[in-house]
Every structure is written in structure tokens, then in C-alpha cells.
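Q: In UniProt numbering, the protein residues as written are 1 to 335.
All C-beta atoms in this analysis are idealised placements derived from N, C-alpha and C, irrespective of residue type, glycine included.
No experiment lies behind these values; they were computed from the predicted model shown.
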């Protein structure tokens, strides 16, 4: 039986390939044209070192000089000694170009649906002929039909043939105008994927997911993955937008409560109308400090740069050193 393995690199590229049940990881990578840097191939030099982000694996032999006991606790591994026991993701702290790796692929799909789901957001659904592999949280570059422009959007669901993207609707944006004025079911869409180093890691402690605006898209993909595979850890989603009219996917989000054992959801409006009965202000004003201070947690943060930077500063000010932060800053194109 083969396992599906993803190699993620520092330049944001991700490569997927099959690995046999008893096969050495390095051998499988080389067989698939991924030339991981190597030297001894005996577990001694440490040249082929990476880190397992998710999945189960064993190592045949690791010399103390190659990986320390702390390294092993941090799930660092040597490709030449690793055998995977499940589907898995590994991260390598160098660019994919060192491996002669092709990187993301271009695929064509067709528009299957487009729906405006809030005053400022639409969901674009694209159907592919074949399964596209990506990690929950990653994104694709889409060619805007009828133009020479490309735009980047996070996947809002799990890997497969049917893809979803949350798109912010701008007054005069290239993609926004296409969706409002010309988009038809059946339109061909060219995309490049998968891209990005922001993705869901192996879940071993509570998760705090924080979305600003259409940053929700990447986190919906993560939540879909957690709901499908089960999650024993608490999950708390924080979602911030300007006004109530900008909130979207409420029923879908609330539905995670029946699929994830310990799921909480907090929405915060930064500029609500006076009659808004819910939370208002900045997201940091409504974080559960006890939740973050009393135990280690993984925080996944996706939103515009000012929001990401303010939350990073808040974590520093609160001395929340046990919070492992993963983030993606996105900048909306104004055209």
C-alpha cells in the first residue's frame, strides 16, 4: 500500500508523491524526481534533514551527531532513514530549486458556480477533471478569464476535484468585475497550484484559528480537514470583519460544532451598526487569555498585514511564549 507524502519547502512550493509502505523516504523522493540534498545515506551526516509536520513515521538509524534528542522530540528526521506509516507532510528549510523540483503545476478547470455570500464576498467554485493535491491552508494563482491578470486565492475546502475560493468583491477589481459581469458556469479557468507555506500541521495541542475578512478561506479548508479526519484537540475559530453585512458562511461554520468534538466560534465586528448585539472592536480584545495562557496552543492566523502584525505584537506583549504561531499575510489587489 502506498502512502501520499507532501514535501513542503522554504520557498512555499509543495510536492506530492507516493511512498511504499516499507520504502525509504529518500528513495521514493529520488524515484519521483525530487533530488533531496544528501551525502552519506547512512544516518550520520544530517544533510537530508527535514521535519515531519503531520503523519506517522519511523527511522532506521540516526546518529547522535546528526540529530539530538531534542531534535527528535521536535519531529526532525533524516530522509535516508525514514519510513512513513501513514500519509504525511515533511518540511525542508531550503528552496525546492535545490532539489531540481518542478514545483506547482498548471491545471485547467471550469466554473461550476459563483455566489455572492456577503456584501463584500463571493464564493467561486471550480470543477477539475482530476484530483488536485494541496495542503489545507495553501492557495492557488488563478488567471482571470478574458484578461492577462492573475490573482491568488486560498482554497476554502479540502483537496479534490471540486474547489472553492472566497473572493473579496472590490468596487473595480479585475476578478471582482469578472465575477459580477461576465462569469458563466462552464467558463474555463487556468490555475497554478499548490502554493504557500501556510498549512495545517500535525495536531497535538489546542488550535486557535484567526481569520480577518477573506482570510477565512484558508481556515475553512483546515476546518474541513479536521471535520473529515477527526480532531481530539479543542478548536476555537475567531472571525473578524467590519460589519455584519460582511459575515459569510455562518451555517457552515456553525456546522463544525457537530463534526469537531470541542469547537468554539467567536465573531467580532470592528465597525458594527449600533444595533449589533455581538462582540465589537479588535479581535485581540476578545481572545480567551486563559485559553492561551494556561496551556500550549497552535495559532493559525490569516488576514491583512495590519491585523496579522497587531496580533503578533499582542502575543509578544502578553508573553504568550507557548503559543506556536503560523500566519499568512495577504494583500488585496486594488485592481
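Using a beta-carbon distance below 7 Å, is residue 58 in contact with chain D?
A: The displayed structure is made up of one protein chain only, and chain D is not part of it.
Q: Please state whether the Cβ-Cβ distance between residue 191 and residue 144 is less than 7 Å.
A: No, they are not a contact pair.
Q: May I ask you to verify whether the region 283-291 touches the region 227-247, counting CB pairs closer than 8 Å and requiring at least 3?
A: Counting Cβ pairs under 8 Å, three or more are found: they touch.
Q: Skipping 5 residues on each side, what residues in its chain have a beta carbon closer than 8 Å to that of residue 297?
A: The answer, listed in chain order, is 205, 206, 207, 208, 291, 322, 323 and 324.
Q: I need the DSSP call for residue 3, collapsed to helix, strand or coil.
A: Three-state DSSP puts residue 3 in a strand.
Q: From the DSSP output, read off the bridge partner residues of residue 128.
A: Answer is 109, bridged to residue 128.
Q: Report the residue ranges of all alpha helix (DSSP H) runs contained in full by the region 183-268; include only those spanning at least 4 residues, in chain order.
A: Taking only runs of at least 4 residues, the alpha helix (DSSP H) segments lying wholly in the region 183-268 are 216-229 and 250-255.
Q: If you drop the 5 nearest sequence neighbours on each side, which residues of the same chain put their C-beta closer than 6 Å to that of residue 179?
A: Correct list, in chain order: 114 and 122.
Q: Would the region 84-91 count as touching the region 48-56 if we require 3 or more Cβ pairs under 8 Å?
A: In short, these stretches touch, since the Cβ pair count reaches three.
Q: Beta carbon of residue 104, beta carbon of residue 193: below 7 Å?
A: For residue 104 and residue 193, yes; Cβs fall inside 7 Å.
Q: Could you pull out every residue in the same chain whose Cβ sits closer than 7 Å to the Cβ of residue 37, ignoring the five residues on either side in sequence?
A: Once the five neighbours on either side are set aside, the close Cβ partners of residue 37 are 47, 48 and 98.
Q: Touch check for the region 258-267 and the region 120-137: three-plus C-beta pairs under 8 Å?
A: With the cut-off at 8 Å, the region 258-267 and the region 120-137 do not touch.
Q: For residue 218, tell me which candidate among 163, 309, 147 and 108 has the shortest Cα-Cα distance.
A: Checked all of 163, 309, 147 and 108; the closest Cα to residue 218 is 163.
Q: Could you tell me how far apart the beta carbons of residue 126 and residue 109 are, in whole angstroms, since I believe they sit closer than 8 Å?
A: About 4 Å separates the two Cβ atoms, so the contact holds.
Q: How about the region 220-231 and the region 182-189: do they share at least three Cβ pairs that are nearer than 8 Å?
A: Segments in contact, no.
Q: Using C-beta distances below 7 Å, list every residue in its chain close to residue 257, excluding the 5 sequence neighbours before and after it, in chain order.
A: Taken in chain order, the residues that qualify are 263.
Q: List in chain order: all unbroken alpha helix (DSSP H) runs of 4+ residues lying wholly within the region 5-71.
A: Runs of the alpha helix (DSSP H) inside the region 5-71: 25-31.
Q: As a quick exercise: from 184, 22, 141 and 43, pick the residue whose alpha carbon is nearest that of residue 63.
A: Here the closest residue by C-alpha is 43.
Q: Figure out for me which residue from 158, 251, 50 and 13 has the closest Cα to the Cα of residue 71.
A: Closest by alpha carbon: 50.
Q: Taking the C-alpha atoms as reference points, what is the distance between residue 119 and residue 244?
A: Answer to the nearest angstrom: the Cα atoms are 9 Å apart.
Q: Quick check on residue 178: does DSSP put it in helix, strand or coil?
A: Here residue 178 sits in helix by DSSP.
Q: What does a CB cutoff of less than 8 Å around residue 304 pick up in its chain, not counting 5 residues either side in sequence?
A: Hits under 8 Å: 212, 213, 215, 329, 330, 331 and 332.
Q: Return the bridge partner residues of residue 121 from the DSSP annotation.
A: In the DSSP output, where bridge partners are listed per residue, residue 121 has 118 and 168.
Q: According to DSSP, simplified to helix, strand and coil, what is residue 284?
A: Correct three-state label for residue 284: helix.
Q: To which residues of the same chain is residue 170 closer than 6 Å at the C-beta, ignoring the five residues directly before and after it?
A: 176, listed in sequence order.
Q: Skipping 5 residues on each side, what residues in its chain have a beta carbon closer than 6 Å to that of residue 45?
A: Closer than 6 Å at Cβ, skipping near neighbours: 39.
Q: Who pairs with residue 303 in a beta bridge, going by DSSP?
A: In the DSSP output, where bridge partners are listed per residue, residue 303 has 329.
Q: Does the separation of the CB atoms of residue 158 and residue 249 fall below 7 Å?
A: Not a contact, by the Cβ cut-off of 7 Å.
Q: What does the alpha-carbon distance come out to for the pair residue 96 and residue 102?
A: Using only the alpha carbons, I get a separation of about 8 Å.
Q: Going by DSSP, what residue range makes up the beta strand (DSSP E) through residue 151?
A: 150-154 is the span of the beta strand (DSSP E), which, as asked, contains residue 151.
Q: I need the DSSP call for residue 290, collapsed to helix, strand or coil.
A: DSSP places residue 290 in helix when its eight states are reduced to three.
Q: For residue 197 and residue 12, which I take to be in contact (beta-carbon distance under 8 Å), what is that distance rounded to the nearest angstrom?
A: Rounded, the Cβ-Cβ distance is 5 Å, consistent with contact.
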